[in-house]
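The sequence shown begins at 12 in the numbering used here and counts up by one.
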Amino acid sequence: MEHLTTKHRLKAFALIAAASLMLSSCYKDNEEDLYPDNNCNTTNVSFSATVWPAINNNCVSCHSGAGASAGIRLGNYNEVVAAVDGGRFLGAIKHENGFSAMPQGAAKLSDCAISQIDAWIAQGKLNN
Ligand code: HEC
């Protein structure tokens with residue numbers, strides 16, 4: 012009987028130790044690391060509300076009009092679609108190997124903005 016009780020105590024202790032280890036590791040993980048896109052809405056991404064502001068603020072200064080860099084114009088919906096279809100757009104904003112990293116000379120777009128643009132393309136590049 013004595014033996015059993017000790018065994019039970021050990022078992023209970025081991026369980027509590029394991030549980031508190033798990034709890035403390037959960038406590039230390041921060042939510043953003045666990046769910047990086049927690050606050051990033053990629054459902055039914057709107058061109059006018061989401062994609063266009065990112066491009067207008069970060070790309071249009073160099074990519075519009077007659078002197079557009081690399082001949083790539085991003086000044087309106089049709090030009091953005093043409094650039095995406097041209098095949099150099101996503102690789103450039105994702106800074107993939109073999110592409111010039113865009114926006115040139117400035118910080119990479121946020122992970123969320125890139126995911127949203129990616130989603131907008133996957134959702135059919137709607138003029139929405
Ligand atoms: C400061 C000016 C500048 C800004 C801002 C800029 N670009 Fe560029 N972009 C360039 C220049 C110059 C080139 C051509 C030279 C090169 O490829 O490095 C280029 C090339 C590109 C290319 C072709 C890349 C390739 O590898 O073929 C794409 C696509 C592109 N830009 C898209 C964008 C997008 C999208 C943004 C905004 C997120 C942006 N650019 C912002 C100057 C700029």
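Glycine residues also receive a C-beta, built at the ideal position from the N, C-alpha and C atoms. Here the structure is a predicted model, which is why all the values come from computation and not from measurement.
Item                                                                                                                                                         : Value
Residues in the same chain with beta-carbon distance under 6 Å from residue 128, minus the five sequence neighbours each way, listed in chain order, please. : 62
Apply the 10 Å Cβ neighbour rule to residue 74 and answer buried if 16 or more other Cβ atoms are within range, or exposed otherwise.                        : buried
Would the beta-carbon of residue 58 fall within 8 Å of that of residue 108?                                                                                  : no
Does DSSP classify residue 128 as helix, strand or coil?                                                                                                     : helix
Thinking C-alpha only, which one of 52, 104, 54 and 56 is nearest residue 70?                                                                                : 104
Between which two residues does the alpha helix (DSSP H) containing residue 100 stretch?                                                                     : 100-104
Can you name, in chain order, every residue of its own chain whose Cβ lies under 7 Å from the Cβ of residue 66, other than the five neighbours on each side? : 85 and 91
By the DSSP assignment, the alpha helix (DSSP H) with residue 93 in it spans what residues?                                                                  : 88-96
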